[in-house]
Amino acid sequence: MSDDPLPHSFFARPAPEVAPDLLGRVLRCTLPAGTVELRLTEVEAYQGPDDPASHAHRGPTARNAVMFGPPGYAYVYFTYGMHFCVNLVCGPGGVPGAVLLRAGEVVAGLELARGRRTTSRRDTDLAQGPARLTTALGIDRSHDGADLDGPVLRLFPGTPPPAERIRSGPRTGIAQAAETPWRFWTEGEPTVSPYRAHTPRRR
DNA sequence: GGTAAGATCCGCT
DNA sequence: GCGGATCTTACCT
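Position 10 (the first sequence) corresponds to 24 in this note's numbering; numbering is contiguous.
Here's what the structure looks like:
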């Protein structure tokens with residue numbers, strides 16, 4: 015990977031526009047233990063303040079402050095008492111938005127990622143799910159606000175999939191605005207759960 | 001000062 | 001498919 019990282023201007027668009035453009039991109043995380051690189055296969059967009067599912071919906075707080083800052087930085091939060099999730103802050107000035115990284119394929123640092131994900135039975139499970147993804151990369155709250163063109167986190171152009179392989183659907187695990195198709199994934203990737211490719215039943 | 005819900009994962013059935 | 005683990009955040013009284 016000798017390409018230059020994507021510039022901050024890449025993120026200076028609404029999150030629902032940036033999200034599909036993140037598929038196939040490569041996120042590198044460099045820590046004292048070593049480097050892990052992840053090719054993104056599934057993401058979700060959150061665009062506040064009118065998005066009731068977004069952490070930014072109720073205005074700025076100590077936790078979500080990074081979402082209200084400039085694009086091109088990481089927003090990391092803790093949830094369910096045991097998990098971290100990482101977002102990439104997006105959006106034109108003044109509009110809080112972010113893209114949650116849900117899944118990816120480990121393309122470098124496989125041994126290190128396996129060591130962090132001891133419960134994983136297959137390599138495709140290493141970063142299948144937003145909390146597994148942060149564990150595999152070694153990301154925690156200390157990376158909240160980290161520059162995506164910085165010494166720890168860097169996002170490289172990678173190889174985006176052809177447009178016909180990009181799918182979208184409802185976001186996962188949230189009660190509000192579940193009908194908004196702001197989840198994007200690459201069709202045919204083993205790191206994306208197959209059942210998610212189908213339209214969920216309505217009742 | 002108390003409480004309910006949460007952008008989840010894992011093991012068991 | 002279901003429920004437990006585990007704790008922070010935000011909101012209410």
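All C-beta atoms in this analysis are idealised placements derived from N, C-alpha and C, irrespective of residue type, glycine included.
Buried versus exposed, by CB contacts within 10 Å (16 or more), residue i
i, result
"A117", "buried"
"E125", "exposed"
"T133", "exposed"
"S68", "buried"
"T173", "exposed"
"Y60", "buried"
"D65", "buried"
"R215", "Here the model assigns R215 a pLDDT of 37, short of 50, so the residue's position is not dependable and the matter cannot be decided."
"G86", "buried"
"G129", "exposed"
"Y94", "exposed"
"E193", "exposed"
"E178", "exposed"
"D18", "exposed"
"A29", "buried"
DSSP bridge partner residues for residue i (one or two, in chain order)
i, result
"E193", "Bridge partners of E193: none, in fact."
"V57", "L115 and F198"
"E51", "R42 and A122"
"D163", "R168"
Selection from the options that minimises the alpha carbon distance to residue i
i, options, result
"F170", "H22, A26, L41 and S23", "L41"
"G105", "P144, G123 and A70", "A70"
"E31", "I180, P66 and N78", "I180"
"T44", "G83, D154 and S182", "D154"
"A33", "P46, G95 and G111", "G111"
"P176", "G62, L20 and T55", "T55"
"H22", "E203, P84 and P28", "P84"
"P184", "V100, G143 and V57", "V57"
"T205", "V100, L140 and E193", "L140"
"M96", "R27, T148, M81 and F24", "T148"
"G123", "E203, L151 and H157", "L151"
"G108", "P165, P63, D163 and G202", "P63"
"F25", "V50, H157, S207 and L162", "L162"
"S156", "A79, V90 and V121", "V90"
Residue i: first and last residue of the uninterrupted beta strand (DSSP E) it sits in
i, result
"L167", "L167 to F170"
"R181", "I180 to G183"
"Y91", "A88 to T93"
"L102", "H97 to C104"
The alpha helix (DSSP H) enclosing residue i, as first and last residue numbers
i, result
"R146", "P144 to L151"
"V32", "A29 to L36"
Residue i: CB within 6 Å of a non-hydrogen atom of the ligand HEM
i, result
"A127", "Judged by which ligands are present, the structure shown has none, so any question about the ligand HEM falls away."
Self-check item: Three or more C-beta pairs below 8 Å linking the region 192–201 and the region 31–38
Solution: Yes, the region 192–201 touches the region 31–38.
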